[in-house]
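Quick notes on the structure that follows.
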Amino acid sequence: MLRVTAPTRQQTVTAWADDALGTDDAVGLADRLRRGAVSAPELVEAAIARVEAVDGPLNALAFRAFDRARVDAQDPGTAYFAGVPSVLKDNVDVAGMPTRQGTDAWQGRPAPRDGDLARMYLATGLVPLGKSQLSEFGFSAAAEHPRLGAVRSPWSTAHVAGASSAGSAGLVASGALPIAHANDGGGSIRIPAAVNGLVGLKPTRGRFAQDALLRRMPVRIVSDGVVTRSVRDTAAFFREAEKVFHAVGMPPVGDLTRAGRRRLRVGLTTAGAGVTATPEVAAATREVGLLLESLGHEVEEVDAPVPDGFRDDFLLYWATTALALVRGGRRMHGRSWDVDRLDPLTRGLARHAERRLHKVPGAVRRLRRSQEVTDGFYARHDVLLSPTLAHPTPLVGHLDPTQGFDVVMDRLLEWVAFTPLQNATGEPAISLPLAGDGAGLPLGVMVAGPRGTEGRLIGLAYELEEARPFARLV
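Quick note on the working numbering: the sequence shown kicks off at 23 and runs consecutively.
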């Protein structure tokens with residue numbers, strides 16, 4: 023049973039104010055900092071005030087590091103984003119901050135040093151105000167913890183903020199911050215971007231630095247990036263991050279500031295892994311296809327390039343990571359580890375994997391080969407256009423993990439049918455806020471491409487942003 027049975031729109035939460043942050047995006051703030059029109063301490067103080075104003079209704083912040091941010095702002099350095107406030111997600115190590123992974127199953131201790139991702143992220147000059155909240159270990163597409171509470175959308179607090187980068191996305195969409203870290207193991211950059219009306223680009227596997235634990239996964243499904251309110255912010259972050267971390271064997275993204283000129287062959291699908299989008303979402307996606315045609319691109323409706331059995335294989339692999347965490351929790355987190363405090367979804371995933379361990383090698387093998395299917399697709403098309411999610415944003419309670427594993431998993435698979443493919447193939451994909459549902463909430467439309475083609479996706483995103491400016495929560 024749903025806890026809320028009608029799509030009642032509740033509170034809209036925004037942080038916009040007549041302060042140092044104003045209405046600028048991250049690039050605009052960086053420009054004002056370079057011109058001396060504003061100082062880093064002024065931006066950080068304004069951001070702290072905004073975060074405090076929205077965190078109560080949104081439940082977006084997992085850990086506050088305001089005093090550190092104030093100190094960092096005194097001497098932010100000379101990197102491009104030096105002095106621009108941000109947060110990192112609470113599943114990466116940042117020196118002096120605990121890494122809690124969206125759970126209260128152990129007592130978090132401050133990390134002794136920055137992880138590889140945090141070193142790269144902070145080298146761009148971004149000033150961390152703390153860490154953002156996520157679903158437990160990032161397993162659910164909605165951050166609804168039975169004790170830590172739900173992370174809610176600033177567009178409507180009756181609705182979830184989406185996936186494990188929910189806290190980051192809520193803070194950016196509400197205007198509290200201009201840019202925030204996100205990562206994506208099944209859609210967790212793109213899903214909260216879609217839900218909150220943001221830009222979310224999952225990069226090619228290996229594009230950016232990654233913490234050691236994720237690098238050792240049999241299939242490296244997780245990639246890190248950002249959620250932003252503008253294409254130029256995402257483009258600027260990719261440009262600055264690759265100055266710090268060079269992706270071997272991959273073409274650089276470079277300095278992209280305008281729409282691409284090449285007309286593209288676009289394959290459009292409204293069917294994902296075992297699920298077809300609702301009529302409302304399918305119509306919104308086809309409308310973007312018509313927009314692309316009007317801009318001179320060639321659009322063809324196609325079957326989804328998804329391997330046979332992909333949904334079951336991905337779910338089993340996802341569940342296997344939960345089993346590894348459950349079995350290794352005490353070794354990783356010490357005597358305070360309490361498996362009984364894990365939420366029911368995490369424990370249910372572990373049981374799902376435990377009962378099917380004999381199938382894991384085959385699932386891993388097939389997931390590693392999944393790019394063979396998309397390679398065939400990209401031999402005929404330049405990009406894939408699809409919905410980001412199969413139906414509009416659910417209400418808080420729809421994915422509450424205490425309802426039982428089978429109920430929640432069925433609902434997750436019905437909603438998250440499009441994003442996991444690129445986690446398996448390692449290909450880039452971007453969610454853009456190009457549509458809205460009948461309740462006035464954002465709907466994301468996703469564009470994916472072959473490995474290493476982030477530049478192509480950013481160029482197309484600039485073109486779509488100009489043709490159909492993104493709605494913003496004001």
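C-beta: ideal position from N, C-alpha, C; glycine also.
Proximity below 9 Å, CB of residue i to CB of residue j
i	j	result
LEU278	THR250	no
LEU223	SER453	yes
PRO499	ALA95	With the chain covering 23 to 496 only, the question about residue 499 has no answer from this structure.
ALA503	ALA344	An answer regarding residue 503 cannot be provided, because it is not within the stretch 23 to 496 covered by the chain.
VAL361	VAL348	yes
GLY294	ALA204	no
PRO409	ALA304	yes
PRO464	THR415	yes
PRO455	GLU476	no
ALA188	VAL173	yes
ALA164	ALA191	no
VAL418	GLY471	no
THR447	GLN393	yes
VAL109	ALA202	yes
LYS153	ALA68	no
THR36	GLY197	yes
Host alpha helix (DSSP H) of residue i (start-end)
i	result
LYS111	Segment 107 to 111 is the beta strand (DSSP E) holding LYS111; no alpha helix (DSSP H) there.
ASN81	Neither: ASN81 is in no alpha helix (DSSP H) and is coded neither H nor E.
LEU314	301 to 316
HIS319	It is not in any alpha helix (DSSP H) - HIS319 carries neither H nor E in the DSSP assignment.
ASP206	That residue, ASP206, is in no alpha helix (DSSP H); its beta strand (DSSP E) goes 201 to 206.
LYS265	253 to 266
THR342	332 to 355
LEU55	48 to 57
PRO150	Where PRO150 is concerned, there is no enclosing alpha helix (DSSP H), although the beta strand (DSSP E) it sits in stretches over 149 to 154.
THR396	393 to 400
ALA385	382 to 390
Cα-Cα separation between residue i and residue j, rounded to whole angstroms
i	j	result
GLY44	LEU156	27 Å
GLY441	VAL467	In the sequence as displayed, the identity of residue 441 is Thr instead of Gly. THR441 and VAL467: Cα-Cα distance of roughly 11 Å.
LEU65	TYR143	19 Å
VAL324	LEU290	6 Å
ARG308	ARG56	42 Å
VAL253	GLU436	29 Å
ILE480	GLY398	23 Å
ALA299	ALA306	10 Å
ASP138	GLY271	19 Å
ARG388	ASP40	53 Å
ASP246	PRO225	7 Å
LEU364	ALA185	17 Å
THR100	HIS374	49 Å
VAL395	GLN444	12 Å
GLU262	TYR102	7 Å
VAL217	VAL469	16 Å
VAL26	GLU320	Low local confidence applies: a pLDDT of 28 at VAL26 is under 50, so the model's placement there is unreliable, and no value is given.
PRO240	ALA42	46 Å
LEU338	ASP459	32 Å
THR125	PRO383	29 Å
ALA234	THR121	14 Å
GLU74	ARG391	46 Å
TRP359	GLY130	10 Å
Residue i, buried or exposed, once every other Cβ within 10 Å from all chains shown has been counted against 16
i	result
ALA401	exposed
GLU166	buried
GLN123	buried
THR256	buried
ARG169	exposed
ARG229	buried
GLU488	exposed
SER316	exposed
LYS265	exposed
SER175	buried
LYS178	The question names Lys, but residue 178 in the sequence shown is Ser. So SER178 ends up on the buried side.
GLY462	exposed
GLN232	buried
GLY171	exposed
Where the beta strand (DSSP E) containing residue i begins and where it ends
i	result
ASP365	Run containing ASP365: none; DSSP gives neither H nor E here.
VAL328	No beta strand (DSSP E) contains VAL328, which DSSP labels as neither H nor E.
ILE480	No beta strand (DSSP E) contains ILE480, which is instead part of the alpha helix (DSSP H) from 476 to 489.
THR250	245 to 250
LYS224	221 to 224
ALA501	As displayed, the chain neither begins before 23 nor continues past 496, which places residue 501 out of reach and without an answer.
ILE452	451 to 458
LEU406	405 to 409
THR179	178 to 182
GLY289	287 to 290
Check: residue i C-beta below 8 Å from any heavy atom of the ligand MN
i	result
MET272	The ligand MN is not part of the structure shown, which contains no ligands of any sort.
Should the region 145 to 160 be called in touch with the region 424 to 441, which here means at least 3 C-beta pairs below 8 Å? Segment contact: the region 145 to 160 against the region 424 to 441, fewer than three CB-CB distances shorter than 8 Å; contact not assigned.
Validate contact between the region 112 to 123 and the region 45 to 56 using beta carbons, cut 8 Å, 3 pairs: The region 45 to 56 and the region 112 to 123 do not touch, with fewer than three beta-carbon pairs separated by less than 8 Å.
For the region 158 to 168 against the region 203 to 217, do three or more pairs of beta-carbon atoms, one drawn from each stretch, fall closer than 8 Å, so that the two count as touching? These segments touch.
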